[in-house]
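In this note's numbering, the protein residues as written are 399 to 686.
Built from N, CA and C at the ideal position, the CB exists for glycine as well.
Everything numeric in this text was worked out from a predicted model, so none of it was measured.
Below is one structure, written out as structure tokens; the observations come after it.
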């Protein structure tokens, strides 16, 4: 397989409202629909992926299914069209698919999500906390307390709560994977609330890995660099969007499909000694 010649900036201006739509992006993100080939690394596993309708979550859902896992995805009710497209990809891989429209920051929604996923898939082995909220701010004064709390509710409180709810269903050998960000180590000042939450997720990952090790449950995080997802036109300034990814050593943003293998590796039993890892996938950019 050869690596596609993925697009480089500049991109056309294309601001969107959160959470953003895949169909409105130009160029369209690559989730691996045509390229990802599975090798049975997750055969028989049952996975729940939040934010699985687009972007990184969609790519992970496709990859997990093609690796042999049954997959449930959580998505906002407004994202049903994108979610249906990914659920079809899961079914086309011959796996069971379940979609649940909800807001993971709502404790009641989260509880129903886990209960319905376990009921539908017959159990749970893999939890991917991927859903996130992001907003760009020019000045500190623009950041309201409500915005701060909203960002933490989605990006920190929800992953913690989903781990809490999923834990009774996770057996030895299970894997929890959190989507953090290079912002956890090198924060973008204009994304202050988002970057702060991603630092919290990195610490949550390391702490949970230590707490759950004796149960045989692994906890890791992927730290994406600039990735071309709907979160970008929905959460960046026009200037940053047009030039998105140009500072990467590769001179471009990554595509969601390019991250899928990192999640597969962390989910697979072959990574049985990998826990507490913060896996940087950023096109060669170094974060300390």
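- Considered as a whole, the segment 478 to 548 harbours 495 to 499 and 524 to 527 as its complete beta strand (DSSP E) runs of no fewer than 3 residues, in chain order.
- Contact between the segment 585 to 594 and the segment 491 to 499 is absent, with fewer than three C-beta pairs closer than 8 angstroms.
- Proximity to residue 551 across 539, 532 and 569 peaks at 532, based on C-alpha coordinates.
- Counting only runs of at least 3 residues, the segment 648 to 686 fully encloses the following beta strand (DSSP E) elements, listed from N- to C-terminal order: 676 to 679.
- When the five nearest sequence neighbours on each side are left out, the beta carbons in the same chain lying within less than 6 angstroms of the beta carbon of residue 475 are those of 499, in order along the chain.
- Taking 3 residues as the minimum length, the beta strand (DSSP E) runs contained wholly in the segment 428 to 475 are 444 to 448 and 468 to 473, in order along the chain.
- When only Cα atoms are considered, residue 676 and residue 576 end up about 9 angstroms apart.
- In this structure residue 492 is not in contact with residue 465, their Cβ atoms being roughly 12 angstroms apart against a cut-off of 8 angstroms.
- Close CB contacts of residue 408 within its chain, under the 7 angstroms cut and outside five residues either way in sequence, are with 640 and 641 (chain order).
- In this structure, the CA atom of residue 663 is about 24 angstroms from the CA atom of residue 554.
- Per DSSP, the unbroken alpha helix (DSSP H) holding residue 603 starts and ends at 590 to 610.
- The Cβ atoms of residue 631 and residue 646 do not sit closer than 7 angstroms to each other.
- When secondary structure is reduced to three states using DSSP, residue 613 falls in the helix class.
- In this structure, the alpha-carbon of residue 486 lies about 37 angstroms from that of residue 609.
- A residue is called buried when at least 16 other Cβ atoms come within 10 angstroms of its Cβ; residue 425 does not meet this threshold and is exposed.
- With fewer than three CB-CB distances shorter than 8 angstroms, the segment 648 to 657 does not count as touching the segment 598 to 614.
- By the Cβ criterion, the segment 466 to 473 is not in contact with the segment 428 to 435, since fewer than three pairs of Cβ atoms, one from each stretch, lie closer than 8 angstroms.
- Sequence-distant partners of residue 525 (beyond 5 residues in either direction) whose C-beta falls short of 6 angstroms from its own C-beta, in its chain, are 446, 564 and 574.
- The beta carbon of residue 519 sits closer than 7 angstroms to those of 444, 468, 470, 494 and 496, all from its chain and outside the five residues before and after it, given in chain order.
- Put simply, of 572, 544, 534 and 501 the residue whose alpha carbon is nearest the alpha carbon of residue 522 is 572.
- The shortest CA-to-CA distance from residue 413 to any of 643, 628, 655 and 673 is the one to 628.
- Approximately 5 angstroms separates the beta-carbon atoms of residue 484 and residue 456; this is inside 8 angstroms, confirming the contact.
- For residue 559, the enclosing alpha helix (DSSP H) starts and ends at 556 to 564.
- The beta carbons of residue 619 and residue 596 sit no closer together than 7 angstroms.
- The C-alpha of residue 489 lies about 10 angstroms from the C-alpha of residue 460.
- Per the coordinates, the alpha-carbon of residue 569 lies some 28 angstroms from the alpha-carbon of residue 679.
- A distance below 7 angstroms separates the beta carbons of residue 654 and residue 454.
- In the same chain as residue 674, and ignoring 5 residues on each side of it, the C-beta atoms closer than 6 angstroms to its own belong to 604 and 607, in chain order.
- Following the DSSP letters along the chain, one finds residue 630 inside the alpha helix (DSSP H) bounded by residues 629 to 633.
- Following the DSSP letters along the chain, one finds residue 577 inside the beta strand (DSSP E) bounded by residues 573 to 577.
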